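In what follows, a structure is listed as structure tokens, so that the remarks can point back to it.
Residue numbers (this note's numbering): 24 to 330.
Have a look at this one:
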């Protein structure tokens with residue numbers, strides 16, 4: 024995963040609101056332009072900082088790679104070609120929007136020394152649309168902008184435990200810990216997308232999202248970067264249900280019925296009144312492809328790989 028900096032210009036509201044970056048393929052004269060070429064280098068899970076009107080106010084996670092796409096309506100009056108590159112990015116406001124110029128003593132030394140740069144030495148933005156930036160600069164921008172507005176207790180227990188184990192391990196390399204930071208940002212985006220699809224816990228019926236966790240259906244460590252951000256690969260679950268679901272002690276059938284692992288003592292379901300409260304609801308097709316994997320793990324048809 025990599026960090027990117029986008030200089031929006033007048034398009035920032037459209038692009039952060041619609042969740043996409045768009046650039047022409049070439050200059051208006053047909054020549055290549057590195058900031059446009061950079062669009063094709065973005066990968067799912069990469070982090071993108073939004074700079075507009077002298078401020079970095081949003082951060083996003085790329086949800087896919089660049090695809091050919093017609094020029095959007097907000098760029099219809101430009102002299103660019105009819106086709107360009109589109110990269111889907113899920114943006115969230117930073118906790119603290121800030122002017123990079125005010126932190127130039129920190130940011131300046133970390134700006135790219137070769138290739139395109141998003142910022143001049145005096146803190147003014149350049150005309151370069153998309154610039155690659157270092158992990159060090161990306162981490163500094165996240166630190167200045169504050170944490171994504173989501174509490175760690177809302178994360179899936181499985182993901183949070185896995186990430187926390189890495190964070191607490193003094194033998195883990197700095198590279199792996201950088202991946203941890205990026206995963207945290209991505210999890211905030213993931214939670215929002217899951218909640219839009221699953222506004223309550225399917226088992227308990229609880230609708231207060233502050234009490235629910237966003238749990239991956241297909242295990243996080245087995246998922247691709249794209250799958251880790253897919254809202255269809257998640258459920259909003261009450262903490263005790265999330266615990267059972269994450270450990271593959273319960274799952275769901277194709278009709279939404281509750282399935283239990285042979286390893287789960289049935290008394291747990293009774294003590295937590297789970298079977299009494301549950302009312303099956305069908306799943307969408309996009310969710311079912313992930314549930315099939317979770318179901319097979321729960322029923323012992325397949326095993327999680329070790330190592």
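Every residue gets a Cβ at the ideal spot worked out from N, C-alpha and C, and that includes glycine. These numbers come from a predicted model, not from an experiment.
Item                                                                                                                                                                                               : Value
I'd like the span of the alpha helix (DSSP H) that includes residue 58, first residue to last.                                                                                                     : 57-60
Given this structure, state the Cα-to-Cα distance separating residue 104 from residue 93, to the nearest angstrom.                                                                                 : 9 Å
Compare the beta carbon distance of residue 83 and residue 46 with 8 Å and say whether it is the shorter of the two.                                                                               : no
Using the DSSP secondary-structure output, state which residues sit across from residue 236 in a beta bridge.                                                                                      : 260
With three or more beta-carbon pairs closer than 8 Å as the criterion, would you say the region 52-63 touches the region 150-157?                                                                  : yes
In chain order, what residues of the same chain have a beta carbon less than 6 Å from the beta carbon of residue 25, not counting five sequence neighbours either side?                            : 69
May I have the straight-line CA-CA distance separating residue 297 from residue 323, to the nearest angstrom?                                                                                      : 22 Å
Quick one: what does DSSP say residue 38 is sitting in, helix, strand or coil?                                                                                                                     : helix
Give the secondary structure of residue 255 by DSSP, where H, G and I count as helix, E and B as strand, and everything else as coil.                                                              : helix
Any idea what DSSP makes of residue 49, helix, strand or coil?                                                                                                                                     : coil
With a threshold of 7 Å on Cβ separation, who are the neighbours of residue 48 within its own chain once the five nearest residues in sequence on each side are excluded?                          : 59, 104, 106, 107 and 108
Going by C-alpha to C-alpha distance, which of 117, 269, 43 and 51 sits closest to residue 97?                                                                                                     : 43
Please report the residue range of the alpha helix (DSSP H) in which residue 159 lies.                                                                                                             : 158-168
Report back the beta-carbon spacing between residue 287 and residue 240 to the nearest angstrom; my notes put them in contact at under 8 Å.                                                        : Actually they are not in contact, since the Cβ atoms of residue 287 and residue 240 sit about 18 Å apart, beyond 8 Å.
For residue 176 and residue 266, what's the separation of their Cα atoms in angstroms?                                                                                                             : Low confidence applies here, because residue 176 scores a pLDDT of 31, under 50, leaving its location unreliable; read the following figure in that light. Taking the straight line joining both Cα atoms gives about 13 Å.
Look at the alpha carbon of residue 161 and the alpha carbon of residue 27, and state the distance between them as a whole number of angstroms.                                                    : 8 Å
Mind the definition here: the region 228-238 touches the region 123-142 only if three or more C-beta pairs lie below 8 Å; say whether that holds.                                                  : no
Starting from the C-beta of residue 88, find all residues in its chain whose C-beta is less than 8 Å away, skip the five residues before and the five after it, and write them out in chain order. : 63, 65, 66, 67 and 110
Excluding the 5 residues preceding and the 5 following residue 274 in the sequence, name in chain order all residues of the same chain whose CB lies nearer than 6 Å to its CB.                    : 282, 317, 318 and 321
How would you call residue 293, buried or exposed, if buried means at least 16 neighbouring beta carbons within 10 angstroms?                                                                      : exposed
Start and end of the alpha helix (DSSP H) containing residue 291?                                                                                                                                  : 289-294
Would DSSP call residue 115 helix, strand or coil?                                                                                                                                                 : strand
Cutting at 8 Å between CB atoms, please list the residues of its own chain near residue 289, excluding the five before and the five after it.                                                      : 283
Run through DSSP, which three-state label would residue 132 get?                                                                                                                                   : helix
Pull up the distance between the alpha-carbon of residue 219 and that of residue 250, whole angstroms please.                                                                                      : 17 Å
Using three-state DSSP, classify residue 213 as helix, strand or coil.                                                                                                                             : helix
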